[in-house]
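For reference, the structure discussed in these notes is given below.
Residue numbers (the UniProt record's numbering): 1 to 635.
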């Protein structure tokens, strides 16, 4: 029976101990008490830091709330917190984040501060700074640790640090990860000098919580909390990672049988239990951040339209549900589980003591299980919109126009500000000497000798993934990956070595015939479900060489080269592979424009606009599409 219901033996034993009673009110009261015990546990989180560090914005981001919502913590350029203020989670009222008065001011005294703000009531502390950790941070940390309270350090506003040094970093070939590592080590050094050993430090931006260490902070807090407090925090967190979605699903699954019992035994008829189920389904939507408010927040955060996000929610449980729709779903589930309902009534006679009988419990149970499964899958589909991959989290943890020109200009500025929030990471890979670096430069509208160009040469110059931001759109990054086909980089290990998760898609470049190394790499990319485009470069060299032949035919030569690549890709099971023939020195010729069109078409809308504006102007059609992209956002 336990396996049929999909619950553990422990949960079945728990059901046995409760359902032995023959009094409906007793059973309902006992199960409701178990559920209430979870809800009644309060989690108090203290947020401390100096004025201007972004404490209030952190509190809002942690709760999945934007700074301009009614329930947001007040933020501003001056200290707005004079006493400890609690901010409850919008849907989990038992999770409280306390905005503590600013530290580091003349009135701040670390010895009395914790007593003044009520040290003992907090489950753990998070100290936030937007600059270097100072002596007063260390002093406060020591008093917190003496009180045997958990403590975490947050270095906020790292997006500003990266933006401020973007050009200098690109010249030195430093990646974002390298800069973040320097910041992290600097934080550790300053805290250790203040005698804070083994500090847990998280680098983040409250305006981009889906990036940097915010997901790792979530996972760390969950790992270090236990019991009902962990449960409360887990279900309150905004969804920023795939593993968090799975954890939420597991937590909700554990309580399904309890909720199904309360719903079915409280309702005299099947129709009577619908309002209770609607309430539970709405809570599930909020937990997976798929309700209307959450989708609007994600739209603001990623500059993706609300309608596009809504289109990703394909489950019927993720939409606005009417009572009739829930009743119809309940009937569908019930029709397929009558036999199990009869078995349950024999095992637990109390289920047969109400008119709806065991079928109400079974139907409610499987309806809620289906809802959790479908909603979690809808949440996973939001992965396109900057949810962080689990591998990235683990890595982080280990390293710990309309009416007049002025108006139009303002609107375009707003549009570009939105685009600045969207990153596009393009991986460029291929054999050494295939022209990867030259392709990266041409794509960004640079010559090989321009400032900020990728280094080219007759020997392999790339030994680790190197990011080259677009000179005008630094959030568009082309990553020059190490050459394939060498003893150091084998196909079956290559993608893991270059951290494939961070790239939106791959461009595989070959400058000669299609080889086994191309085939192996393409197969590995397909296996990890990433898009890739195959580019045959240096076509101008081939054309020049073939021109010497009396039988030279330009189109026939291009078809021969293209078919050689297509044949190789078809042999690994790729149907109708697209191959693009390109000369990086003559982008207006051959297939570069077709490559641009294909990439643009296959990207989500929010990344499509970013790519379009970054493309080099090699045709009038591209200029026209850029114009339309800008005009569509003027109004």
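Quick reminder that beta carbons are idealized off the backbone N, C-alpha and C, glycines included.
- residue 230 by DSSP, collapsed to three states: which one? Within the chain shown, the letter at position 230 stands for residue 230. Note: residue 230 maps to helix in three-state DSSP.
- Residues bridged to residue 85 by DSSP? Along the chain shown, read from residue 1 onward, the residue named residue 85 stands at position 85. DSSP, once it has assigned bridges, lists 99 as partnering residue 85.
- Are there three or more Cβ pairs, one per stretch, closer than 8 Å when the segment 271 to 279 is compared with the segment 45 to 52? Contact between the segment 271 to 279 and the segment 45 to 52 is absent, because fewer than three Cβ pairs lie under 8 Å.
- Message: I need the DSSP call for residue 92, collapsed to helix, strand or coil.
- Response: Numbered from 1 along the chain shown, position 92 holds the residue referred to as residue 92. Here residue 92 sits in coil by DSSP.
- Item | Member of 368, 525, 369, 215 whose CA lies at the smallest distance from the CA of residue 430 | Residue mapping note: residue 430 aligns to position 430 of the chain shown, counting from 1. Cα-wise, what sits closest to residue 430 is 525.
- Message: Tell me the DSSP secondary structure of residue 559 in three-state form.
- Response: Here residue 559 refers to the residue found at position 559 when the chain shown is read from its first residue. Taken through DSSP and simplified to helix, strand or coil, residue 559 comes out as helix.
- Where residue 182 falls, given that 16 or more other Cβ within 10 Å makes a residue buried: Taking the first residue of the chain shown as position 1, residue 182 is located at position 182. Label assigned to residue 182: exposed.
- Query: Whole-angstrom Cβ separation of residue 156 and residue 306, contact assumed at under 8 Å?
  - Reply: Taking the first residue of the chain shown as 1, we reach residue 156 at position 156. Taking the first residue of the chain shown as 1, we reach residue 306 at position 306. Incorrect: roughly 28 Å between the Cβ atoms, too far for contact.
- Task: Indicate whether the contact test is met: 3 or more Cβ pairs, each with one atom in the segment 444 to 458 and one in the segment 502 to 512, closer than 8 Å.
- Result: no
- Task: Keeping to the same chain, check which residues put their C-beta closer than 6 Å to that of residue 84; ignore five residues upstream and five downstream.
- Result: Here residue 84 refers to the residue found at position 84 of the chain shown. Correct list, in chain order: 98, 100, 117.
- Task: Please name the residue, chosen from 162, 255, 554, that lies closest to residue 33 on a Cα-to-Cα basis.
- Result: Stepping through the chain shown from its first residue, residue 33 is reached at position 33. That would be 255, whose Cα lies nearest to the Cα of residue 33.
- Query: In its own chain, which residues sit with a C-beta less than 7 Å from the C-beta of residue 324, not counting the 5 before and 5 after it?
  - Reply: Position 324 of the chain shown, counted from the first residue, corresponds to residue 324. Contacts found: none.
- Message: Threshold first: 4 residues or longer. Then list the alpha helix (DSSP H) segments lying entirely within the segment 438 to 522, N to C.
- Response: Within the segment 438 to 522, the complete alpha helix (DSSP H) runs of at least 4 residues are 491 to 497.
- Message: Considering just the uninterrupted stretch of the beta strand (DSSP E) at residue 153, what are its terminal residues?
- Response: One-based indexing of the chain shown puts residue 153 at position 153. It spans 150 to 155 - the beta strand (DSSP E) in which residue 153 sits, taken as one unbroken run.
- Between residue 578 and the rest of its own chain, which residues show a CB-CB distance below 8 Å, the 5 nearest in sequence each way excluded? Position 578 of the chain shown, counted from the start, is the residue given in the question as residue 578. Counting only Cβ-Cβ distances below 8 Å, and skipping sequence neighbours, we find 533, 534, 598.
- Task: Output yes or no for whether 8 Å exceeds the beta carbon distance between residue 153 and residue 187.
- Result: Residue numbering aside, residue 153 sits at position 153 when the chain shown is read from its first letter. Residue numbering aside, residue 187 sits at position 187 when the chain shown is read from its first letter. It is a contact, given that the beta carbons lie within the stated cut-off.
- Supposed close pair residue 439, residue 584 - CB separation, criterion 8 Å: Here residue 439 is taken as the residue at index 439 of the chain shown, counted from 1. Here residue 584 is taken as the residue at index 584 of the chain shown, counted from 1. Their Cβ separation, rounded to whole angstroms, is 5 Å, which keeps residue 439 and residue 584 in contact under 8 Å.
- Based on Cα-Cα distance, which residue from 450, 138, 66, 242 lies nearest to residue 197? Counted from its first residue, the chain shown places residue 197 at position 197. Of the listed residues, the one whose Cα sits closest to residue 197 is 138.
- Message: Let's test the definition: count the other Cβ atoms within 10 Å of the Cβ of residue 314 and tell me whether it reaches 16, buried, or not, exposed.
- Response: Working through the chain shown from its first residue, we reach residue 314 at position 314. The residue is exposed, with fewer than 16 neighbouring Cβ atoms inside 10 Å.
- Message: Taking the alpha-carbon of residue 204 as reference, which of 151, 103, 283, 61 has the nearest alpha-carbon?
- Response: Translated into positions along the chain shown, residue 204 becomes position 204. Answer by Cα proximity: 61.
- Task: Classify residue 410 as buried or exposed, calling it buried when 16 or more other Cβ atoms lie within 10 Å of its own Cβ.
- Result: Counting from 1 along the chain shown, the entry for residue 410 is found at position 410. For residue 410, the predicted model reports a pLDDT of 44, less than 50, meaning its position is unreliable and no value from the coordinates is stated.
- Item | Contact set for residue 467: own chain, Cβ-Cβ below 6 Å, skip 5 residues either direction | Your numbering for residue 467 matches position 467 in the chain shown. Cβ neighbours of residue 467 beyond the five flanking positions: 175, 477, 479.
- Message: What residue range does the beta strand (DSSP E) around residue 531 cover?
- Response: As a position in the chain shown, residue 531 is number 531, starting the count at 1. Residues 531 to 536.
- Message: Taking a contact to mean a Cβ-Cβ separation below 8 Å, would you say residue 428 touches residue 436 in this structure?
- Response: What you label residue 428 is simply residue 428 of the chain shown in a count that begins at 1. What you label residue 436 is simply residue 436 of the chain shown in a count that begins at 1. In contact: residue 428 and residue 436 (Cβ atoms closer than 8 Å).
- Out of 226, 285, 217, 537, which has the shortest C-alpha to C-alpha gap to residue 249? For the purposes of this step, residue 249 is taken as the residue at position 249 of the chain shown. Checked all of 226, 285, 217, 537; the closest Cα to residue 249 is 285.
- Query: Considering only C-alpha positions, which residue in the set 89, 217, 71, 69 is nearest to residue 42?
  - Reply: As a working note, residue 42 is residue 42 in the chain shown. Considering only alpha carbons, the answer is 89.
- Item | C-alpha distance - residue 54 paired with residue 360, whole-angstrom precision | For the purposes of this step, residue 54 is identified with residue 54 of the chain shown, where counting begins at 1. For the purposes of this step, residue 360 is identified with residue 360 of the chain shown, where counting begins at 1. Their backbone Cα atoms lie some 50 Å apart in a straight line.
- Decide if residue 65 is buried, meaning its Cβ has at least 16 other Cβ atoms within 10 Å, or exposed. For the purposes of this step, residue 65 is identified with residue 65 of the chain shown, where counting begins at 1. Under this definition residue 65 is a buried residue.
- Query: Going straight from the alpha carbon of residue 312 to that of residue 380, what length do you get?
  - Reply: The residue you call residue 312 lines up with position 312 of the chain shown. The residue you call residue 380 lines up with position 380 of the chain shown. Cα-Cα distance, rounded: 10 Å.
- Message: Helix, strand or coil, according to DSSP, for residue 314 in the structure here?
- Response: As a position in the chain shown, residue 314 is number 314, starting the count at 1. Note: residue 314 maps to coil in three-state DSSP.
- Task: Assuming residue 554 and residue 543 form a contact by the criterion Cβ under 8 Å, report the distance between their Cβ atoms to the nearest whole angstrom.
- Result: Locating residue 554 in the chain shown gives position 554, counting from the first residue. Locating residue 543 in the chain shown gives position 543, counting from the first residue. Yes, they are in contact, since the Cβ atoms of residue 554 and residue 543 sit about 7 Å apart, within 8 Å.
- Roughly how far, in whole angstroms, is the beta-carbon of residue 558 from the beta-carbon of residue 581, given that I think they are within contact range, below 8 Å? For the purposes of this step, residue 558 is identified with residue 558 of the chain shown, where counting begins at 1. For the purposes of this step, residue 581 is identified with residue 581 of the chain shown, where counting begins at 1. Yes, they are in contact, since the Cβ atoms of residue 558 and residue 581 sit about 6 Å apart, within 8 Å.
- Item | Extent of the continuous alpha helix (DSSP H) to which residue 217 belongs | Here residue 217 refers to the residue found at position 217 of the chain shown. Its alpha helix (DSSP H) spans residues 214 to 224.
- Message: To the nearest angstrom, how far is the alpha carbon of residue 212 from that of residue 180?
- Response: By one-based count along the chain shown, residue 212 stands at place 212. By one-based count along the chain shown, residue 180 stands at place 180. Straight-line Cα distance between these residues: approximately 9 Å.
- Query: Since residue 530 and residue 494 are thought to touch, with beta carbons under 8 Å apart, how far apart are those beta carbons, to the nearest angstrom?
  - Reply: Taking the chain shown and counting its residues from 1, one reaches residue 530 at position 530. Taking the chain shown and counting its residues from 1, one reaches residue 494 at position 494. Between residue 494 and residue 530 the Cβ distance is about 13 Å, and since that is not below 8 Å, they are no contact.
- Smallest Cα separation from residue 523: which of 114, 568, 537, 547? Within the chain shown, residue 523 is the residue found at index 523, counting from 1. Nearest C-alpha to residue 523: 568.
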